[in-house]
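Chemist:
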Amino acid sequence: MKEAAPFERHETIRQELKALLGEKMWSASALSKVMRLSEKEVYGHLESMKRIGLLAVTPAACGDCGYTFTEREKTKKPSKCPKCKGTYINPPLFALRSK
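Numbering-wise, our numbering puts 90 at position 89 of the sequence shown, and it's gapless, one number per residue.
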């Protein structure tokens, strides 16, 4: 089986992430597919961007009861709802913060 050629980048990961987040709101899983990175790596970059104030976050929400995770500090998607204990969670969405 032929090995896939490594993905060639013309920008740094952070620059590419900023360009994508400037266009529209993205989930971490969608960003990981487009950028060919693991979700864990994407969350690491998003966390760093959030810390320096570049990131606007639409919080995750429970798909069952509608609970919104507004007070959550982490950028990562929660595993279950504290209200109904459901596991159908809509992931947080990310975009660049408007100046």
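No residue lacks a Cβ here, since even glycine has one placed at the ideal position from N, Cα and C.
All values reported here derive from a predicted model rather than from experimental measurement.
Looking only at its chain, what residues have a beta carbon closer than 6 angstroms to the beta carbon of G64, apart from the 5 residues adjacent to it on each side?
Modeler: Position 63 of the sequence shown, counted from the start, is the residue given in the question as residue 64. So the list reads Y89 and N91, once near-sequence residues are dropped.
Chemist: Reducing DSSP to helix, strand and coil, say where A61 ends up.
Modeler: Residue numbering aside, residue 61 sits at position 60 when the sequence shown is read from its first letter. If DSSP states are grouped into helix, strand and coil, A61 belongs with coil.
Chemist: Give a yes or no on whether the C-beta atoms belonging to F95 and A29 are separated by under 9 angstroms.
Modeler: As a first step, residue 95 is located in the sequence shown; it is residue number 94 there, counting from the start. As a first step, residue 29 is located in the sequence shown; it is residue number 28 there, counting from the start. Contact: yes.
Chemist: Considering only DSSP beta bridges, list what A96 is partnered with.
Modeler: Position 95 of the sequence shown, counted from the start, is the residue given in the question as residue 96. Beta-bridge pairing links A96 to A57.
Chemist: To test your reading of the DSSP string, which unbroken alpha helix (DSSP H) runs of 4 or more residues are found completely within the segment 19-48?
Modeler: For the segment 19-48, whole alpha helix (DSSP H) runs of length 4 or above, ordered along the chain, are 29-36.
Chemist: Roughly how many angstroms lie between the CA atoms of E12 and R37, to the nearest whole one?
Modeler: Counting from 1 along the sequence shown, the entry for residue 12 is found at position 11. Counting from 1 along the sequence shown, the entry for residue 37 is found at position 36. Answer to the nearest angstrom: the Cα atoms are 14 angstroms apart.
Chemist: Out of M26, Y44 and K25, state which residue places its alpha-carbon closest to the alpha-carbon of I14.
Modeler: Taking the first residue of the sequence shown as 1, we reach residue 14 at position 13. Residue Y44 is the option with its Cα nearest to I14.
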